[in-house]
Amino acid sequence: IDRAAFHKLSCGLYIIGSKTGERFVGCVANTVLQVTSKPFQLSVTLNKENATTKAVQESGRFTASVVDEAMCMETIGRFGFHSSTELDKFGEVAHALDACEVPYLEQDCSAWFSCRVVGSMDVGTHVVFVGEVEESGVLSGPHPMTYSFYHLVKGGKTPPRASSYTGEG
Ligand code: FMN
-12 IDRAAFHKLS CGLYIIGSKT GERFVGCVAN TVLQVTSKPF QLSVTLNKEN
38 ATTKAVQESG RFTASVVDEA MCMETIGRFG FHSSTELDKF GEVAHALDAC
88 EVPYLEQDCS AWFSCRVVGS MDVGTHVVFV GEVEESGVLS GPHPMTYSFY
138 HLVKGGKTPP RASSYTGEG
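Quick note: the sequence shown, position 157, residue 144 per the working numbering, numbers continuous.
Okay, here's the thing in structure tokens:
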């Protein structure tokens, strides 16, 4: 296995939102994909140790916001390198609520989606969720951030819980 090959896979960067009871949770994910358009469905792959994963399993809902290139590393770090059990991640960043009152990030994002979980697959360390899109909208950020922009321009790192972690940060 040549680990460098995995760095050639293209993907974007997303903020996943969910809630557990009345508490808002969320995390960064690079694993959002559109899987079908009839109906519109997205998938996201989340680590079993993430607080967000448990909330998606409990509530059956998640939001996905497309991160814009303008998003600062502090906000990415807030969602990607801290646990929602210790930090109210949506507390100090501009966000809105979908029709089910699940939060989605608005600040420095290009678009948002609200999904109802219709299926999931246990893939070992992670769970792949498939969600039917019930709402979506375009936000003000004009340039969706790619994962390679995050690494090459922003100097970002990949934490161990990300699906794409290859042991080299
Ligand atoms: N975690 C995942 O489970 N799936 C991912 O696709 C994923 N991609 C990430 C990409 C980047 C660039 C970064 C910085 C983090 C990524 N993570 C991913 C890690 C989670 O965002 C991180 O573990 C977070 O702290 C979990 O927060 P929570 O426990 O509040 O859910």
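Using N, Cα and C, we set each Cβ at its ideal position, and we do this for glycine too.
**Report entry** N- and C-terminal bounds of the alpha helix (DSSP H) containing I63
**Finding:** Where I63 is concerned, the enclosing alpha helix (DSSP H) starts and stops at M60 to G67.
Query raised in the report: Looking at G67 and the ligand FMN, is the gap between the Cβ and the nearest heavy atom below 8 Å?
Result: yes
Query raised in the report: What does a CB cutoff of less than 8 Å around G106 pick up in its chain, not counting 5 residues either side in sequence?
Result: F116 and V117
Query - Cα-Cα separation between G165 and K35, rounded to whole angstroms - result: In the structure displayed, the chain extends from -12 to 156; residue 165 sits before or after that span and is not available.
Query raised in the report: Three-state secondary structure (DSSP) at L84?
Result: strand
Query raised in the report: Residue ranges of each beta strand (DSSP E) run of no fewer than 3 residues wholly in the region 102 to 126, ordered along the chain?
Result: Taking 3 residues as the minimum length, the beta strand (DSSP E) runs contained wholly in the region 102 to 126 are 113 to 125, in order along the chain.
Report task. Could you pull out every residue in the same chain whose Cβ sits closer than 8 Å to the Cβ of S24, ignoring the five residues on either side in sequence? Result -> none
Query - Beta-carbon contacts of A158 that lie in its chain and below 7 Å, excluding the five residues immediately before and after - result: The structure shown does not extend to residue 158, since the chain spans only -12 to 156, so no value can be given for it.
Query raised in the report: So is Q94 buried or exposed if we call it buried at 16+ other beta carbons inside 10 Å?
Result: Q94 comes out buried.
Requested in this report: Pair every Cβ in the region 68 to 81 with every Cβ in the region 97 to 113, then say whether three or more of these pairs are closer than 8 Å.
Outcome: no
Requested in this report: Indicate the three-state DSSP secondary structure (helix, strand or coil) for M94 in the structure shown.
Outcome: In the sequence as presented, Met is not what sits at residue 94; that position holds Gln. Residue state, collapsed to three classes: coil.
Query raised in the report: What residue range is occupied by the uninterrupted beta strand (DSSP E) comprising T50?
Result: Note, T50: beta strand (DSSP E), R48 to V54.
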